[in-house]
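Residue numbers (my numbering), protein chains in the order written: chain A, 1 to 335; chain B, 1001 to 1335. Built from N, CA and C at the ideal position, the CB exists for glycine as well. Since this is a predicted model, take the numbers as computed values, not measurements.
Number of protein chains: 2
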Amino acid sequence: MKNLDMLTLNCREMSTMQNFKQQLPPLNSLVTFEAAARHLSFTLAAKELNVTQAAVSRQVKILEEALDQPLFIRYNRRLSLTPSAIIFLPDVRYALQFLANSAAALKLQKPATKQQSNNQNCVSIASTQAFATLKLNHWLLQFNREYPNIRVKLITSDTDINMPQQTTDLEISCGDAIDNSVLKSTFLFADEIFPICSPAYLAAHPKLNNSADLLNHQLLHLDAEHWRNLSWQAIDWHVWFTSQNIDTTAKLKGLRMNSYPLLLQAVLNGNGVALGWQHLVSDLLKTEELIKPIDVSYKSQRAYYLIETKQAQSAPVTHLSQWILQRAATDKNAC
Amino acid sequence: MKNLDMLTLNCREMSTMQNFKQQLPPLNSLVTFEAAARHLSFTLAAKELNVTQAAVSRQVKILEEALDQPLFIRYNRRLSLTPSAIIFLPDVRYALQFLANSAAALKLQKPATKQQSNNQNCVSIASTQAFATLKLNHWLLQFNREYPNIRVKLITSDTDINMPQQTTDLEISCGDAIDNSVLKSTFLFADEIFPICSPAYLAAHPKLNNSADLLNHQLLHLDAEHWRNLSWQAIDWHVWFTSQNIDTTAKLKGLRMNSYPLLLQAVLNGNGVALGWQHLVSDLLKTEELIKPIDVSYKSQRAYYLIETKQAQSAPVTHLSQWILQRAATDKNAC
DNA sequence: TATTTTGCATTACATTTTATTATGCGAAAT
DNA sequence: ATTTCGCATAATAAAATGTAATGCAAAATA
């Protein structure tokens, strides 16, 4: 999984990892920065941190130098944040709080065993929102009916790197290539992208014979935000049009969102045309709730894999894993 | 919004915030820990970090003392991670990478203006997955039809603290109380919780006359993971049964997931009974796609608010904000 | 308008933190 | 049996961080 963000990796590709020392700003100065930004006062921040005002001043300066830009605008008797600081501050808060929570949790659950999911017939599985909504949820409900005694837990996340605390037994992951060296991963299917809309929409907006016509349609977008945390390449309308040699310097209209299920909901309700992923929308194409208005498709490098995240899996995990592979094969043949 | 996680706050309630100094483990030692854990060797980590082996040893010790527990098991010539370290390591990686990315982004986009969303007739709005799926998506699509020239962007997230880089103009937030001091927030509606299922499910499993009967039914759960990042109190089947004075020491069966839309999808397809939120499922109750098998409900302290995240809003933002308030009022009266 | 006050910057110096060197120890490898 | 490897530890050196004192500029006050 060449392009998968390192943070999805449990142990794969660790060898190529860089150390953080070079990439990070001075960490301690972040705490000072946060306090100073919160108070908009070095003096008050110093009081809070039990140091002198000079210390705060110096720490802030160190951080500003590391980031190579000012974080505070010094007026005569007041401070304000620079645009950079406004962007940076929430990130710092988030990361520090995250670490604080994590450390606190560690201290508490000292006799942490964290084997809950592995014993007692439990299996946890992770996937994207989209895949869960369109495939996995149905599959797991079916599995649950067949094997009610296996306790299944479905964790969805669109950020790859989400919930690092959470380790699931299985994971359905998208990537651009495969590396089977460390974790056991099984190819499920490749993917393909094409425009989709509802039959009702096409009936109401019939003039849609080629890619260029799309420019005059209600386009529904997966916002850049959707792709931000994903490791695979964003494929949006802009990329699509470019692949069709159509110029899109003019800004594209239409609602933008960061969730594929929501996008699909909008398409199903006849609100416009969106880009569809073959293996996500196959069922909806079969039932003709969705149709391809034009027959042009874009082959993605992206593929789905089922990954077993641990070396030694318990029986129920292997069981579900096998079951899913079979289910996916059935699904694939049905297309 | 008393209980809202501080990280959703742009500036509200900052005064009550704690500083991080006390809550955080020694930050620099985290970098050393990460490298040591990656190499499973203090010597190699030292080489990577350009320090001596002794320095690594000491830093690890400092961290272990701060966390009050060992992170490495020292065998004679090799190391392994303790369970605590296995839990902690991904968190550390995540947070450090997050900071590194954020800092790198800052350095690059030096002339960062970040006003994209405010000019040019753009509005961005954030909500939970659930609220977007069941309400907001429809609303915004309608708004988009009425005002196609206003570019709307919908950002969904179930983590409160998600996407700190992202600042939206509007935000539909859930909380337990209201603080109107800093940001303009408008109460939308309170909430209420009760069991829901599909008519088909009830027909197939008719013996459901009171709360106690529920124990014998297919329960569908919002997993603890769903609540982990939310600031409001988790309300799951356990809490429900407790409120009904029903003992649930025995473990409850049924599929667990961390996404409300997925849970609802399962319920709609007749897979069991889940807990429904009044204002999310009202439309589905009206169309009788869902029903209340028993008439017992739990009043939640939780309420929805529309929040304007900035002091000075552009015209389209105010416009959408007003439109939503009106739309929400219509929705409420329709119940 | 003069005076005081406030709040950040700066410098020289003190303190604390962190790294180094050197050494020891125990188990694997030879 | 001997060597080698890898971590721990202690004393010490170096670096990082904090302090105290002072300066400066603009607001607040008189």
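C-beta atoms of threonine 1043 of chain B and glutamine 1059 of chain B nearer than 7 angstroms:
The answer is no: Cβ separation not under 7 angstroms.
Any chance the segment 1129-1145 of chain B sits against the segment 1311-1329 of chain B, with 3 or more Cβ pairs inside 8 angstroms?
Output reads yes: the segment 1311-1329 of chain B touches the segment 1129-1145 of chain B.
Expressed to the nearest angstrom, what Euclidean distance is found between the alpha-carbon atoms of valine 317 of chain A and isoleucine 172 of chain A?
Between valine 317 of chain A and isoleucine 172 of chain A, the C-alpha separation is close to 13 angstroms.
For leucine 99 of chain A, which residues in chain B fall below 8 angstroms Cβ to Cβ?
Within chain B, the residues near leucine 99 of chain A are Leu1024, Pro1025, Leu1027, Leu1030, Asp1091, Val1092, Ala1095.
Rounded to a whole number of angstroms, what is the C-alpha to C-alpha distance between leucine 399 of chain A and glutamine 244 of chain A?
In the structure as shown, chain A starts at 1 and stops at 335, and residue 399 of chain A therefore has no counterpart that could be examined.
Is valine 273 of chain A closer than 7 angstroms to cysteine 174 of chain A when the C-beta atoms are compared?
Against a cut-off of 7 angstroms, the Cβ pair of valine 273 of chain A and cysteine 174 of chain A comes out as no contact.
By DSSP's criteria, threonine 186 of chain A is part of a beta bridge. Which residues make up the other side?
A/Leu306.
Determine whether the Cβ of arginine 1256 of chain B lies closer than 7 angstroms to any Cβ atom of chain A.
By this cut-off, arginine 1256 of chain B is an interface position.
What residues in its chain sit with their C-beta under 6 angstroms from that of alanine 1046 of chain B, if we drop five residues either side in the sequence?
So the list reads Thr1052, Gln1053, Val1056, once near-sequence residues are dropped.
Cβ-based burial, proline 1293 of chain B [other Cβ within 10 Å; buried from 16]:
Under this definition proline 1293 of chain B is a buried residue.
Could you pull the DSSP bridge partners for glutamate 1192 of chain B from this structure?
B/Lys1299.
Between the C-alpha atoms of cysteine 122 of chain A and leucine 106 of chain A, what's the straight-line distance to the nearest angstrom?
Note on geometry: alpha-carbon atoms of cysteine 122 of chain A and leucine 106 of chain A lie some 23 angstroms from one another.
Going by DSSP in three states, methionine 1163 of chain B sits in which element: helix, strand or coil?
Confidence at methionine 1163 of chain B is low in this model, with a pLDDT of 44, below 50, so the placement of that residue is unreliable and no value is reported for it.
Taking the continuous beta strand (DSSP E) assigned at arginine 151 of chain A, which residues delimit it?
151-156 is the span of the beta strand (DSSP E), which, as asked, contains arginine 151 of chain A.
At a CB distance below 7 angstroms, what residues from the segment 133-146 of chain A approach chain B? Give them in sequence order.
Within the segment 133-146 of chain A, the residues whose Cβ lies closer than 7 angstroms to some Cβ of chain B are Thr133, Asn137, Leu140, Leu141, Asn144, listed in chain order.
In chain B, what lies closer than 7 angstroms to asparagine 271 of chain A by C-beta?
Per Cβ cutoff of 7 angstroms: Leu1141.
By the DSSP assignment, the beta strand (DSSP E) with phenylalanine 1072 of chain B in it spans what residues?
Per DSSP, phenylalanine 1072 of chain B belongs to the beta strand (DSSP E) from 1072-1074.
For isoleucine 1125 of chain B, the first and last residue of its enclosing beta strand (DSSP E):
For isoleucine 1125 of chain B, the enclosing beta strand (DSSP E) starts and ends at 1122-1127.
Would you kindly work out how many angstroms separate the C-alpha atoms of asparagine 1408 of chain B and proline 1199 of chain B, rounded to a whole number?
The requested residue 1408 of chain B is not part of the displayed model; chain B covers only 1001 to 1335.
Alpha carbon to alpha carbon, how far is glutamine 1278 of chain B from glutamine 129 of chain A?
A direct Cα-to-Cα measurement between glutamine 1278 of chain B and glutamine 129 of chain A gives close to 23 angstroms.
For asparagine 210 of chain A and aspartate 191 of chain A, the rounded distance between their alpha carbons:
Aspartate 191 of chain A and asparagine 210 of chain A: Cα-Cα distance of roughly 22 angstroms.
Contacts around serine 124 of chain A, its chain only, beta-carbon distance under 7 angstroms, and the 5 residues preceding and following it disregarded
Only Ser117, Lys153, Ile155, Thr168, Asp169 meet the Cβ criterion.
CA-CA distance, tryptophan 1227 of chain B and arginine 1256 of chain B?
CA-CA distance, tryptophan 1227 of chain B to arginine 1256 of chain B, rounds to 12 angstroms.
Can you find the residues in the same chain that come closer than 6 angstroms, C-beta to C-beta, to alanine 303 of chain A, ignoring five residues on each side of it along the sequence?
Apart from the 5 residues on each side of it in sequence, alanine 303 of chain A sits with its Cβ closer than 6 angstroms to the Cβ of Ala190 in its chain, given in chain order.
Could you check where the alpha helix (DSSP H) with alanine 1105 of chain B kicks off and where it finishes?
First-last of the alpha helix (DSSP H) with alanine 1105 of chain B: 1083-1108.
For the ligand NAD, I want to know if phenylalanine 1143 of chain B counts as a neighbour, meaning its beta carbon is within less than 6 angstroms of at least one of the ligand's heavy atoms.
Among the ligands in the structure shown, none appear at all, so the ligand NAD cannot be discussed.
Extent of the continuous alpha helix (DSSP H) to which leucine 1134 of chain B belongs:
Boundaries for leucine 1134 of chain B: no alpha helix (DSSP H) harbours it, and the DSSP string shows neither H nor E there.
Go ahead and label tyrosine 135 of chain A buried or exposed: buried means 16 or more other beta carbons lie within 10 angstroms of its beta carbon, across all protein chains shown.
According to the sequence provided, residue 135 of chain A is lysine. The question's tyrosine does not apply to it. It counts as buried.
Could you spell out the range, first to last residue, of the alpha helix (DSSP H) harbouring leucine 1262 of chain B?
Element bounds for leucine 1262 of chain B: 1260-1268.
Short CB-CB distance (under 7 angstroms) between isoleucine 1155 of chain B and chain A
Yes, its Cβ sits closer than 7 angstroms to a Cβ of chain A.
Can you find the residues in the same chain that come closer than 8 angstroms, C-beta to C-beta, to glutamine 975 of chain B, ignoring five residues on each side of it along the sequence?
Since the first residue shown for chain B is 1001 and the last is 1335, residue 975 of chain B is missing from the structure and cannot be characterised.
What is the rounded straight-line gap between the Cα of tyrosine 1298 of chain B and the Cα of isoleucine 1087 of chain B?
Straight-line Cα distance between these residues: approximately 36 angstroms.
Identify the residues that DSSP records as bridge partners of valine 273 of chain A: which are they?
For valine 273 of chain A, which the question treats as bridged, DSSP gives the partners A/Leu219.
C-beta contact flag for leucine 1306 of chain B and threonine 1186 of chain B at 7 angstroms:
For leucine 1306 of chain B and threonine 1186 of chain B, yes; Cβs fall inside 7 angstroms.
Buried or exposed, going by whether 16 or more other CB atoms sit within 10 Å of the CB of tyrosine 1075 of chain B?
The residue is exposed, with fewer than 16 neighbouring Cβ atoms inside 10 Å.
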